[in-house]
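*Asks:* Protein chains in written order, with our numbering: chain A, 18 to 442; chain B, 18 to 442.
Okay, here's the thing in structure tokens:
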């Protein structure tokens, strides 16, 4: 790769990037929580049009999606949630790439915990603030900025670049699934989720479970006449802790060796009882189980159900009154690409050229739409972007402008190597 | 005691009791849940008037009650919750007695779990059904029937009989406290709560606690970056189980020896988390701790707070982030009367004469307003009545008509022995 080219791209982004930040701020100011993405998507489509891309805006078809085996969502309509794709056609003969980002953001939570309006898009101390700044309107911005820099410098690529702004990533990926079903394919996919500038070549999937634990009600003064569903729930949680250890003990994927627990089981919800002096006759446990890159949804369901069955055999009450396991809500597929895959190489090279150091290459503790690209689209996928998940779903979410620009530069360099440049300038 | 007198009372009740049951049914048909007792109390006052008693109906004064050290209630007004007292004056020279019952009932819960309308007062298979039938409109009915039988047979007592129908027993006793503050006193008190025809000479009190357990939120995929409040709550519950054992190991009151756990700690509520894939940063535990007859509210608070403090010292997180204990909601005082007290003797004798067998005399696993009579009123108190708490707070609550009549007979016999009969017939 020509280092002069990289330098010109870097200079252009350093010079023009700041004036583009108003676009990111306006994007954050559109509160594109689930079901409310249309405003932000209109801005994206307008931007794509200005960039001369071939723009495609459509509403995912809930009926068609519902028939797909990997669709898991409570939504029955996407009438207010359009996808937007902009294609920058290559001159031919090069490899194509999808740059995929999701426009949906998680709810802002309690506004009083924010220093400012959660949807301010306020810029201070070299950071852009607001819900979605890190996860992942910042990443979408960087991808756009990468293409803009190439266009501004009259660099034409051989392969197509397909910019995607999809809905529903936070709820299981219906937006990306719809884009795949609409026929969008490419030789590779890069998702600029907030990896804190690390390169994720592997990701764990996840599934949500709900366990309903039965008990028998009684007056608290004679609590031994009942069966306390809280105690039985605690016994089950102890089982899940054991299962987590068992699963992680056999997890030998080197990309996950730096994680304290590579594929955690998180118990996120425990609800039981309404009255202090009654024995609760029902407890509900909800959680998330990580799905290793070598695993499938089915294999994880099976392992956990069989474990819980065996675990309950050791408790006389639960043996006779087995808890019910439901797999509910959204679910995400795991994904992995070989470390020596050319997509990895292109991204690692781009990173080195731009930033003059080696990137961290590892597995991700959470899932993105990469699982859908890998398994449904058969498209090798990789995740790299500005921002960090440490801030992503919390108050005062923000992203560093430095990272936004660096990520854009790395992506531009990657596009050059992956798609090829059509003619020397 | 003249056994002919007992026989006449028994015969009268057997003969006329059934026609009185319509009164109990109509009482049950008044859904006298907290704040809605006025209708049922009007029926009681009407009945007392018909019986020739001196009737006193009043609304407890929330402002005066609030100043009393044993008042624990969330209510700031009792404008819809009158107390009713009816005094049957004795001829003089005898000991007086209060027959105290509460008119308030616990909510009916989910009506679909009832075979019939929860407030039907339906009579079938020798039982009266409906919320409050057992706890304790049945007991009030028996007390009234006892006095009615004496009146019908022209038996005049020397001591006064003070029939009380109070509100708020289910929520901590504000009704009885108000009756005490109004000046009602007697030489003894009998409360016909549903003891399943056993005689409770002792009762445990109880208090409600709430423990707020802190944690640190994190994404479930990197759950080890947070502190799961559910796990910390489980650790605390294990502590409470240990404390319960410790407290009961030293409980040597023979009246409680037949209870599996004489003074239980019941964990009735455990709530934490809202999202399966987040680490919950807050858990709430609510429960009830039994207060032994030898204990005070203060001593129990102190023991539990000190225990929880010590227990948390063994957990590095909780040591630095101590959980907060609140004592909230209603609370009940323990109570005890000597087994050889003359009130006990009168009731045991009455039971033997009427039913021809020895009663079971023991401690109660739950509290009644007897604690208030004992500690605030300095009135020796005893609990005995028809119905059972196994059914009391549950769907399809009911009471056996046989027990209603037997309890009335035993109470009438007790009144004769305790209050004395003014002249032979």
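Quick reminder that beta carbons are idealized off the backbone N, C-alpha and C, glycines included.
Would you please verify whether the beta carbon of residue 299 of chain A is less than 9 Å from any beta carbon of chain B?
*Replies:* The sequence position of residue 299 of chain A within the first chain is 282, counting from 1. So no, residue 299 of chain A is outside the interface.
*Asks:* Would residue 210 of chain B and residue 385 of chain B qualify as a contact pair, given that the criterion is a beta-carbon distance under 9 Å?
*Replies:* The count along the second chain starts at 1 and reaches residue 210 of chain B at position 193. The count along the second chain starts at 1 and reaches residue 385 of chain B at position 368. Yes, the pair counts as a contact, with Cβ atoms nearer than the cut-off.
*Asks:* Who pairs with residue 432 of chain B in a beta bridge, going by DSSP?
*Replies:* Taking the second chain and counting its residues from 1, one reaches residue 432 of chain B at position 415. In DSSP, residue 432 of chain B forms no bridge with anything.
*Asks:* As a quick exercise: from A:266, A:224, A:377, pick the residue whose alpha carbon is nearest that of residue 314 of chain A.
*Replies:* Within the first chain, residue 314 of chain A is the residue found at index 297, counting from 1. Among A:266, A:224, A:377, the Cα nearest to that of residue 314 of chain A is on A:224.
*Asks:* Please state whether DSSP places residue 128 of chain B in a helix, a strand or coil.
*Replies:* Position 111 of the second chain, counted from the first residue, corresponds to residue 128 of chain B. Helix, per DSSP.
*Asks:* If we ignore side chains and look at the alpha-carbon of each, how far apart do residue 370 of chain B and residue 255 of chain B end up?
*Replies:* Here the question's residue 370 of chain B lines up with position 353 in the second chain. Here the question's residue 255 of chain B lines up with position 238 in the second chain. Cα-Cα distance, rounded: 49 Å.
*Asks:* Given a threshold of 16 other Cβ atoms within 10 Å of its Cβ, counted over all protein chains shown, does residue 188 of chain B qualify as buried or as exposed?
*Replies:* As a position in the second chain, residue 188 of chain B is number 171, starting the count at 1. Buried, because 16 or more other Cβ atoms sit within 10 Å of the Cβ of residue 188 of chain B.
*Asks:* So, does the CB of residue 247 of chain A fall closer than 9 Å to a CB anywhere in chain B?
*Replies:* Numbered from 1 along the first chain, position 230 holds the residue referred to as residue 247 of chain A. True, the Cβ-Cβ gap to chain B drops below 9 Å.
*Asks:* Is there a Cβ from chain A that is less than 9 Å from the Cβ of residue 173 of chain B?
*Replies:* One-based indexing of the second chain puts residue 173 of chain B at position 156. Cβ-Cβ to chain A under 9 Å: no for residue 173 of chain B.
*Asks:* Going along chain B in order, which residues have a C-beta closer than 7 Å to the C-beta of residue 277 of chain A?
*Replies:* Position 260 of the first chain, counted from the first residue, corresponds to residue 277 of chain A. Residues of chain B passing the Cβ test: 241.
*Asks:* Which of the three DSSP states is assigned to residue 231 of chain A in this structure?
*Replies:* Residue mapping note: residue 231 of chain A aligns to position 214 of the first chain, counting from 1. Three-state DSSP puts residue 231 of chain A in a strand.
*Asks:* Excluding the five sequence neighbours on either side, which residues of its own chain have a C-beta within less than 6 Å of the C-beta of residue 66 of chain B, listed in chain order?
*Replies:* Position 49 of the second chain holds residue 66 of chain B. Taken in chain order, the residues that qualify are 72.
*Asks:* What residues from chain B crowd round residue 221 of chain A, counting only those whose CB sits closer than 9 Å?
*Replies:* Residue 221 of chain A sits at position 204 when you count from the first residue of the first chain. 238, listed in chain order.
*Asks:* Sorted by chain position, which residues of the same chain lie with C-beta nearer than 6 Å to residue 81 of chain A's C-beta, five sequence neighbours on each side aside?
*Replies:* Working through the first chain from its first residue, we reach residue 81 of chain A at position 64. None.
*Asks:* What residues from chain A crowd round residue 291 of chain B, counting only those whose CB sits closer than 7 Å?
*Replies:* By one-based count along the second chain, residue 291 of chain B stands at place 274. What residue 291 of chain B touches in chain A: 286.
*Asks:* Per DSSP, what are the beta-bridge partners of residue 150 of chain A in this structure?
*Replies:* The residue labelled residue 150 of chain A in the question sits at position 133 within the first chain. Partner(s): none; residue 150 of chain A has no beta bridge.
*Asks:* At least one CB of chain A closer than 9 Å to the CB of residue 376 of chain B: is that the case?
*Replies:* Here residue 376 of chain B is taken as the residue at index 359 of the second chain, counted from 1. It does not: the Cβ of residue 376 of chain B has no partner Cβ on chain A nearer than 9 Å.
*Asks:* Would you kindly work out how many angstroms separate the C-alpha atoms of residue 139 of chain A and residue 339 of chain B, rounded to a whole number?
*Replies:* The sequence position of residue 139 of chain A within the first chain is 122, counting from 1. The sequence position of residue 339 of chain B within the second chain is 322, counting from 1. Near 37 Å, if we compare the C-alpha coordinates of residue 339 of chain B and residue 139 of chain A.
*Asks:* Should residue 385 of chain A be flagged as near chain B, meaning a C-beta pair shorter than 9 Å?
*Replies:* What you label residue 385 of chain A is simply residue 368 of the first chain in a count that begins at 1. Cβ-Cβ to chain B under 9 Å: no for residue 385 of chain A.
*Asks:* On the three-state DSSP scale, how would you describe residue 101 of chain B?
*Replies:* On the second chain, position 84 is the one that residue 101 of chain B refers to. Looking at residue 101 of chain B - three-state DSSP - the assignment turns out to be strand.
*Asks:* So, under 8 Å CB-CB, residue 363 of chain A and residue 219 of chain A are touching, yes? Tell me the CB distance rounded to an integer number of Å.
*Replies:* Stepping through the first chain from its first residue, residue 363 of chain A is reached at position 346. Stepping through the first chain from its first residue, residue 219 of chain A is reached at position 202. At roughly 17 Å, the Cβ-Cβ gap does not stay under 8 Å, so residue 363 of chain A and residue 219 of chain A are not in contact.
*Asks:* Determine the direct distance from the alpha carbon of residue 151 of chain B to that of residue 414 of chain B, and round the result to whole angstroms.
*Replies:* Residue mapping note: residue 414 of chain B aligns to position 397 of the second chain, counting from 1. Residue mapping note: residue 151 of chain B aligns to position 134 of the second chain, counting from 1. Roughly 7 Å separates the two Cα atoms.
*Asks:* Count the other CB atoms within 10 Å of the CB of residue 341 of chain A; is the residue buried (16 or more) or exposed (fewer)?
*Replies:* Reading the first chain from its first residue, position 324 is the one you call residue 341 of chain A. Exposed, because fewer than 16 other Cβ atoms sit within 10 Å of the Cβ of residue 341 of chain A.
*Asks:* Roughly how many whole angstroms lie between the Cα atoms of residue 127 of chain A and residue 270 of chain A?
*Replies:* The count along the first chain starts at 1 and reaches residue 127 of chain A at position 110. The count along the first chain starts at 1 and reaches residue 270 of chain A at position 253. When rounded, the distance between both Cα atoms is 38 Å.
*Asks:* Which bits of chain A does residue 321 of chain B rub up against, with CB to CB less than 8 Å?
*Replies:* For the purposes of this step, residue 321 of chain B is taken as the residue at position 304 of the second chain. Neighbours of residue 321 of chain B on chain A: none; closest Cβ ~14 Å, over 8 Å.
*Asks:* Residue 326 of chain B touches chain A at which residues, Cβ-Cβ below 9 Å?
*Replies:* The residue given as residue 326 of chain B occupies position 309 in the second chain. None at all; the shortest Cβ gap to chain A is about 21 Å.
*Asks:* Since residue 118 of chain B and residue 182 of chain B are thought to touch, with beta carbons under 8 Å apart, how far apart are those beta carbons, to the nearest angstrom?
*Replies:* Numbered from its first residue, the second chain carries residue 118 of chain B at position 101. Numbered from its first residue, the second chain carries residue 182 of chain B at position 165. Correct: roughly 6 Å between the Cβ atoms.
*Asks:* Report the rounded CA-to-CA distance for residue 280 of chain A versus residue 311 of chain A, giving the unit in angstroms.
*Replies:* Position 263 of the first chain, counting from 1, holds the residue named residue 280 of chain A. Position 294 of the first chain, counting from 1, holds the residue named residue 311 of chain A. Straight-line Cα distance between these residues: approximately 11 Å.
*Asks:* So, with DSSP's three-state summary, where would you put residue 257 of chain A?
*Replies:* Looking up residue 257 of chain A in the first chain gives position 240. Here residue 257 of chain A sits in helix by DSSP.
*Asks:* Is residue 329 of chain B buried or exposed, if buried means 16 or more other CB atoms sit within 10 Å of its CB?
*Replies:* Numbered from 1 along the second chain, position 312 holds the residue referred to as residue 329 of chain B. With 16 or more other Cβ atoms within 10 Å, it is buried.
*Asks:* From which residue to which residue does the beta strand (DSSP E) around residue 379 of chain A run?
*Replies:* Translated into the one-based positions of the first chain, residue 379 of chain A becomes position 362. From DSSP, the beta strand (DSSP E) with residue 379 of chain A extends over 378-381.
*Asks:* Note down, in chain order, each residue of its chain lying with its Cβ closer than 7 Å to the Cβ of residue 246 of chain A, except the 5 sequence neighbours on either side.
*Replies:* Indexing the first chain from 1 puts residue 246 of chain A at position 229. Here the set comprises 230, 231, 232, 289, 297, 298, 299, 300.
*Asks:* Check this for me: beta carbons of residue 87 of chain B and residue 212 of chain B, under 9 Å apart or not?
*Replies:* For this step, residue 87 of chain B is matched to residue 70 along the second chain. For this step, residue 212 of chain B is matched to residue 195 along the second chain. No, Cβ-Cβ distance for residue 87 of chain B and residue 212 of chain B is not below 9 Å.
*Asks:* Going along chain C, which residues have a C-beta under 9 Å from residue 343 of chain A?
*Replies:* Absent from the structure is chain C; the protein chains it does hold are A and B.
*Asks:* Can you list, in chain order, the residues of the segment 410-440 of chain B whose Cβ is nearer than 9 Å to any Cβ on chain A?
*Replies:* Residues 410, 411.
*Asks:* Do we get a CB-CB distance below 9 Å when we pair residue 296 of chain A with the residues of chain B?
*Replies:* The count along the first chain starts at 1 and reaches residue 296 of chain A at position 279. With 9 Å as the cut-off, residue 296 of chain A counts as an interface residue toward chain B.
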